[in-house]
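Counting from 59, one number per residue, gives the positions in the sequence shown under the numbering used here. Some notes on the structure that comes next.
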Amino acid sequence: MISHTSLQWQSSDWQSILQTAIRDSAELLQAVGVPQSSLDTITGETAGFAVLAPRPFVARMEYGNPKDPLLLQVLALQEEIAPTAVGTTDPLEEQRFTPVPGIIHKYFGRVLLMTAGTCAVNCRYCFRRHNDYAQNILTPARLNEALTYLRSQTDITEVILSGGDPLLTSDRKLSELVAELEAIPHIQRLRIHTRLPIVIPQRITTELCQRLGQSRFQVTMVVHCNHPKELDVEVGLAMAQLKAQGITLLNQTVLLKNINNCAATLETLSVELFKIGVLPYYLHTLDPVQGAAHFAQPMGDSKQLHQTLQARLPGYLVPKLVSEIPGGASKTLIY
Ligand SMILES: *Cc1c(COP(=O)(O)O)cnc(C)c1O
Ligand code: SF4
59 MISHTSLQWQ SSDWQSILQT AIRDSAELLQ AVGVPQSSLD TITGETAGFA VLAPRPFVAR
119 MEYGNPKDPL LLQVLALQEE IAPTAVGTTD PLEEQRFTPV PGIIHKYFGR VLLMTAGTCA
179 VNCRYCFRRH NDYAQNILTP ARLNEALTYL RSQTDITEVI LSGGDPLLTS DRKLSELVAE
239 LEAIPHIQRL RIHTRLPIVI PQRITTELCQ RLGQSRFQVT MVVHCNHPKE LDVEVGLAMA
299 QLKAQGITLL NQTVLLKNIN NCAATLETLS VELFKIGVLP YYLHTLDPVQ GAAHFAQPMG
359 DSKQLHQTLQ ARLPGYLVPK LVSEIPGGAS KTLIY
C-alpha cells in the first residue's frame, strides 16, 4: 500500500509531489489504514484550518496506528473545536511588530521576511493557523517596500526567510530575492526557516543548493522536525547536499503532548539529526494558540524533560528550551 503511493511521487519534482498531498481527514485515515471509528476527526474546514499532508510525510506514518506521532500532528481532531479549547488567535502579537507588510521586526539585528503565504504541511499546533496567509504574500510591490525598509535599517545584519514556508517559492524567485538582499551591504547572514526539507525532501534541489552555496552570505537553514520518525534516507540525502555547500543546519522542535513529550524520543531525535549533520537549536514550548490546547503540557513537566535531556546528552545535542513571550527582546530561556 505505502510502496504503491510512494511510486507515484518518487520520480516527480517537488511541485508535483505537493499537488498530490492529502487534504482531507477521512482520506488521510484511509491512506494509513486507521479506521474512522478509532479517532474523533473533523474536516479542516470545520476547524478553519485545512488539512494538508504531503505524501512523503504520510509514507513515514505507521500503517494502522491511530496514535502515530506523525499522523496526530496533521490530522484535524474534534478537540480543536471543543468548548474547552482556549487560546488566542495571535499569541505572539506579531501584528504590533510589522513595520511594513511582510516584515516582522521584533528582535535586534534580525528580521523575519514572510516569503511565502502558505506551507507544504499544515501542522495542527501551528501558531500561525489563524493568520490570514493571503495578507503575507510577497507581491512585487510589497517586496519593494520590504527591501526599502531593510535598506533603511542599517543595524539589520540577518534576514530570516519565513512564512508560511519560504521554500514554497520557486528556485528562480528565491535566487532573485537572495540577489536583492545581497545588494544590501549591512546584511551579513541569511537564514531560512523551513519544514519543507522534512516533509518533502525532494525540495532540496541541486539548483537551490548551488545558489545558496554561491551566496556572499553565511547561510543557515533551520528545519523543523519534531520526531525521529520524520527522518528517512531522503531527508538525510537532502541534508548532505546542503552540507556540501557549507550551509549550517539547525533544527527546531515544538514540544507536543502525546507526540514527543518523552525524553527517550527527544534524545533519539537529537542523535539522529546529528548523524545527518543537523544540530538541535530550539525546543519550543507550545504557544497558547486556539485549537491546539490538546498538545499542551504543564511547564513543570517540560522543564523536567529538558533536565533529563541535559543529563543524558552531550551539551551540543541539547536544544534550548524556550518560550516566546510577547514583548520580549528574544525568546525566553526556560530552566
Ligand atoms: C524566533 C524569531 C527570530 C529569531 O530569533 P533567534 O533567537 O535569532 O533564532 C526573529 N524574529 C522573530 C519575530 C522571531 O520570532
Ligand atoms: S510548517 Fe511551520 S508555519 Fe507551516 S503549519 Fe507547520 S509549524 Fe506552521
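Note that CB positions come from ideal geometry on N, CA and C, so glycine has one too.
8 Å contact criterion, which residue i and residue j should meet: CB distance rounded
i	j	result
E330	L367	Not quite, the Cβ-Cβ distance comes to about 14 Å (not below 8 Å), so this is no contact.
Q246	Q276	7 Å
S299	L270	The displayed chain sequence assigns Gln, not Ser, to residue 299. 10 Å between Cβ atoms; not a contact.
L344	L313	7 Å
V236	L248	7 Å
I218	H251	6 Å
A387	Y165	6 Å
E216	G160	Actually they do not touch by this definition, with Cβ atoms about 16 Å apart.
C181	Q260	Contact doesn't hold; Cβ gap of about 19 Å is too wide.
T311	H342	7 Å
Backbone secondary structure at residue i - three-state DSSP
i	result
Y340	strand
L307	strand
Y374	helix
A220	Checking the displayed sequence, the identity of residue 220 turns out to be Ser instead of Ala. S220 falls in the strand class under three-state DSSP.
I236	The sequence given here places Val at residue 236; Ile does not occur at that position. Helix.
A111	strand
I75	helix
T63	Low per-residue confidence applies at T63: pLDDT is 49, beneath 50, and the placement is therefore not dependable, though the value from the model is reported in the following sentence. If DSSP states are grouped into helix, strand and coil, T63 belongs with the helices.
V347	strand
S381	strand
L331	helix
T104	helix
T323	helix
L135	strand
L97	coil
I392	coil
I258	coil
S70	coil
Opening and closing residue of the alpha helix (DSSP H) in which residue i lies
i	result
Q362	357 to 370
Y207	198 to 210
I250	Not the alpha helix (DSSP H): I250 falls in the beta strand (DSSP E), residues 247 to 252.
M297	291 to 302
K315	Premise fails: K315 is in no alpha helix (DSSP H) and is neither H nor E.
L270	264 to 272
F353	Looking at the DSSP string, F353 is not in any alpha helix (DSSP H), and its letter there is neither H nor E.
First and last residue of the uninterrupted beta strand (DSSP E) at residue i
i	result
K125	No beta strand (DSSP E) contains K125, which DSSP labels as neither H nor E.
L87	Here L87 belongs to no beta strand (DSSP E); instead the alpha helix (DSSP H) covers 83 to 89.
K164	161 to 165
R168	168 to 172
Q276	276 to 282
Best match in the options for proximity to residue i [C-alpha to C-alpha]
i	options	result
E234	Q260, V257, L205	L205
G335	Q88, G373, G294, L371	G294
R186	G167, T156, T147, V257	T147
L337	S328, D345, T343, L344	S328
T264	K301, H364, L201, L248	K301
K287	A117, V109, S360, P198	A117
T78	R209, A322, L375, V257	V257
L375	I100, I383, Q365	Q365
A351	G145, L129, K333	G145
I75	F115, S381, H282	F115
G385	A140, L129, E151	E151
W72	S381, P112, D98	P112
Test: residue i CB closer than 8 Å to a CB of chain D
i	result
E103	The question asks about chain D, but that chain is absent: this structure has only one protein chain.
Contact the stretch 221 to 239 vs the stretch 170 to 185: 3+ CB pairs below 8 Å = yes
At least 3 beta-carbon pairs within less than 8 Å: the stretch 295 to 313 vs the stretch 132 to 139 = no
request  = Give a yes or no on contact between the stretch 115 to 127 and the stretch 82 to 102, applying the rule of three or more CB pairs nearer than 8 Å.
outcome  = yes
request  = Pair every Cβ in the stretch 96 to 108 with every Cβ in the stretch 155 to 164, then say whether three or more of these pairs are closer than 8 Å.
outcome  = no
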